[in-house]
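Take a look at the structure below.
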Amino acid sequence: MSELLAPSRALFCSLDRQPPDLLLAVIGMHRADPRPHKIDVGVGVYRDETGETPVMRAVKAAETRLLAEQRTKSYLGAEGDQGFTDRLADVALGQPLATDTRITGVQTPGGTGALRLAAELLARAGATFVWVGAPTWPNHGPIFREAGLVVRTHAYFDTAQSRIDFAAFVDSLAEARFGDVVLLHGCCHNPTGTAFSPGEWDELTQLFLARGLIPLIDLAYQGLGLGLDEDAAGMRAMLAAVPEALVAYSCDKNFALYRERVGALWVQAATPAAAVPIRETLLVLARSLWSMPPDHGAATVRLILDDPALKAEWRAELTSMCARINGLRSALGASHPALAPIADQQGLFALLPIDENAVSQLRERHAIYMPASGRINIAGLQLETIESFAAALSPYLPRY
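Per full-length UniProt numbering, the very first residue in the sequence shown carries number 1; after that it's consecutive.
Have a look at this one:
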């Protein structure tokens, strides 16, 4: 018995130590800092002018109705709440794509679940390479690698100019081959806040068609850039043109349902007949990954999108959130020439042109907290903190 328990033969002794999650470390440091003027621009959640992340009024009303009317907590199927997925398709994909029989969709546990299910489907279908931009959301690479896919990096962002380097992006896809998958941010790029122009979406669409590349579009911030339809316009145009595509969607930000993990994955097939085995495979994979997705958040979204009054209330709240973010962007962009590009970017995030040492100095001297990359959450600011934030930042910015 002692031999069986010997440490040298224990199963888990083979595991290596893992690096800590750096963003969680930033959260902990901010929480422990007693300075009253501290600023948290690290955590990627929407905050109102008081610094709170409120429950949306439409969400609260739908939850109240759900509490009163829900008759069972029985299991959903592996596809989740199909009513939720169908109603959300109207918002995300729009018509006629939402009812296109080449497209099939399932509910997932958040946008991360949608990405992981997409990765597993791609691996099952025989895909090998997924191309992601530099930089991108840090979790993109691990999600694809854990599914057995090979992650390759393409150029994307010109740090010095704080803009997309579109020519370098296209050039770096020269090595991509037929059947390779390219991850695209549908809008409000995380971490840079950039977005493709309509012309760039069109050029990418023609490139993908000519080269047989498959877009996987991560749409996590619809409605927080320019508006619901505006933020999805480029993606919709691409889907209308290419034969195959995938869309991973998150309701975390635009419904403020961070804790509920509400998302969806849609897959577009070349033909309606080809969509049938895709759906069957999605359900088999979902069953093995999480069996059945959680219900509460999806049911809440379905109720909102089913009720014209609640839907109008939600859209009004989302418009207000978007306006606040864009107002902060304008104010921050006007505070220093090096920050001017921020005013023309979209969504929650921006990537400051500073180095890791500057991030450390801002934390120690000014109680300003952000990841080492310099990625900030615009909504972590208030109009009254813009001036002090910019003043603290100024010594570390490029000279103009």
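Positions of the beta carbon are idealized from the N, C-alpha and C atoms, including for glycine.
Exposed is the label assigned to residue 53, since fewer than 16 other Cβ atoms lie within 10 Å of its Cβ. Inter-segment contact for the region 239–246 and the region 366–383 is absent: fewer than three beta-carbon pairs are separated by less than 8 Å.
DSSP, read as helix, strand or coil, puts residue 249 in strand. Segment contact: the region 280–300 against the region 319–333, fewer than three CB-CB distances shorter than 8 Å; contact not assigned. About 6 Å separates the beta carbons of residue 374 and residue 351, which is inside the 8 Å limit, making them a contact pair. Taken atom to atom, the span from the alpha-carbon of residue 389 to that of residue 332 is near 9 Å. Between residue 358 and residue 303, the alpha-carbon positions lie close to 46 Å from each other. Relative to residue 83, the option among 310, 264, 257, 290 whose CA is nearest is 264.
Per the coordinates, the alpha-carbon of residue 212 lies some 8 Å from the alpha-carbon of residue 180.
Taking residue 173 as the centre and dropping the five residues before and after it, the same chain places the C-beta of 131, 154, 182, 207, 211, 213 closer than 8 Å to its C-beta, in chain order. Residue 216 and residue 235 do not touch by the CB rule: their CB atoms are close to 11 Å apart, not below 8 Å. In the three-state DSSP reduction, residue 378 falls in the helix class (H, G or I). In this structure, DSSP gives residue 349 an extended state, which the three-state scheme calls strand. Shown here for residue 270: same chain residues with a beta carbon closer than 8 Å to its own, the five before and five after excluded, namely 102, 243, 244 in chain order. C-alpha of residue 85 to C-alpha of residue 105: approximately 6 Å in a straight line.
Relative to the Cα of residue 148, the nearest Cα in the group 123, 169, 61, 97 belongs to 123. Excluding sequence positions up to five before and after residue 195, its CB lies within less than 7 Å of the CB of 187, 188, 189, 225, 346, all in the same chain and listed in chain order. Collapsing the DSSP output to three states places residue 124 in a helix. Burial of residue 43 is indicated by the presence of at least 16 other C-beta atoms within 10 angstroms of its C-beta. A residue is called buried when at least 16 other Cβ atoms come within 10 angstroms of its Cβ; residue 150 does not meet this threshold and is exposed.
Residue burial annotation: residue 13 is exposed, with fewer than 16 other C-beta atoms found within 10 angstroms of its C-beta. Ranking 46, 354, 50, 61 by CA distance to the CA of residue 309 puts 61 first.
The continuous stretches of beta strand (DSSP E) do not include residue 327, which lies in the alpha helix (DSSP H) extending over residues 308–333. Its Cα nearest to that of residue 67, the residue 295 stands out among 295, 353, 384, 330.
CA-to-CA, the gap between residue 202 and residue 237 works out to about 8 Å.
Note that the region 105–116 touches the region 248–267; at least 3 beta-carbon pairs, one per stretch, sit closer than 8 Å. Classified as buried, residue 268 has 16 or more neighbouring CB atoms from the shown chains inside 10 Å of its CB. Assignment of residue 201 by DSSP, reduced to helix, strand and coil, places it in the helix class.
With contacts defined by Cβ atoms closer than 7 Å, residue 248 and residue 115 form a contacting pair.
Following the DSSP letters along the chain, one finds residue 129 inside the beta strand (DSSP E) bounded by residues 129–134. Judged by beta-carbon spacing, residue 297 lies within the 7 Å limit of residue 257, meaning their Cβ atoms are closer than that value.
Bridge partners of residue 183 according to DSSP: 216.
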